Amino acid sequence: MNTLVTKLDHIWISLTLRQPWLPATTTSKVQLSTLPPEPFIASKKPFKVELVGGKRYSWCTCGHSKKQPFCDGAHKLKAPGLMPLRFVPEKDTTAWLCGCKYTNNPPYCDGTHKQDFIVSATLHEQTDS
Ligand code: FES
Numbered sequence: 514m515n516t517l518v519t520k521l522d523h524i525w526i527s528l529t530l531r532q533p534w535l536p537a538t539t540t541s542k543v544q545l546s547t548l549p550p551e552p553f554i555a556s557k558k559p560f561k562v563e564l565v566g567g568k569r570y571s572w573c574t575c576g577h578s579k580k581q582p583f584c585d586g587a588h589k590l591k592a593p594g595l596m597p598l599r600f601v602p603e604k605d606t607t608a609w610l611c612g613c614k615y616t617n618n619p620p621y622c623d624g625t626h627k628q629d630f631i632v633s634a635t636l637h638e639q640t641d642s
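End of the sequence shown sits at 642 in the working numbering; the numbers just go up one at a time, nothing left out.
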C-alpha cells in the first residue's frame, strides 16, 4: 500500500476539457495533483504528554489544530486530505508526541525536528480563517 501511495504521490494528471463551442486552440487544460497537502509545522519541538492506557487519542497530522498535539478538526477546512492519526496506548505512559508533523514514527517524536528543513522553517501564526 505504501508503495502504491508513493507512486501515486508523484503522478500528475493532465486533463483537457472539451468545450465543443470553442475552437480547438482555446481548450482549457487543467492539472490535478495527487500530492497530499503538506503538514503545517505546529512546533519545532515535541509535546510531552501523559497518556492513559486504553484511551483513544487523535494525533493532529496537519499541524493546524489549536489543541496540539491532538486533533481539533481543523484539518477538515485547512488541510482536506490529511486525517488525524488515532492510537490507543497499551498502558499509562509519558510520551513525547511530534509537534513538527514530519516524524517517521508517528505520533512519536523521532528527532526529525532537528533536521535543517524544520530548524530553518518559518513558523506562521495560525489564524481562525
Ligand atoms: S517534533 Fe517532530 S520529530 Fe520531533
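For every residue, glycine included, the Cβ atom is placed at its ideal position computed from N, Cα and C. Being a predicted model, the structure only gives us computed values, none of them experimental.
Within 10 angstroms of the Cβ of residue i, are there 16 or more other Cβ atoms? Answer buried if so, exposed if not.
i	result
residue 630	exposed
residue 548	exposed
residue 627	exposed
residue 550	exposed
residue 539	Its pLDDT being 47, under 50, residue 539 is placed unreliably by the model, and the measurement read from it follows with that caveat. By the 10 Å Cβ count, residue 539 comes out exposed.
Is residue i a contact residue of ligand 1, with contact defined as CB to any heavy atom under 7 Å?
i	result
residue 570	no
residue 559	yes
residue 625	yes
residue 567	no
residue 576	no
residue 622	yes
Near residue i, which residues of its chain fall below 7 Å by C-beta distance, leaving aside the five closest residues on each side in sequence?
i	result
residue 554	576, 613, 614, 631, 634, 636
Got a sec? Which residues, its chain only, sit under 6 Å from residue i by beta carbon, not counting five neighbours each side?
i	result
residue 591	577
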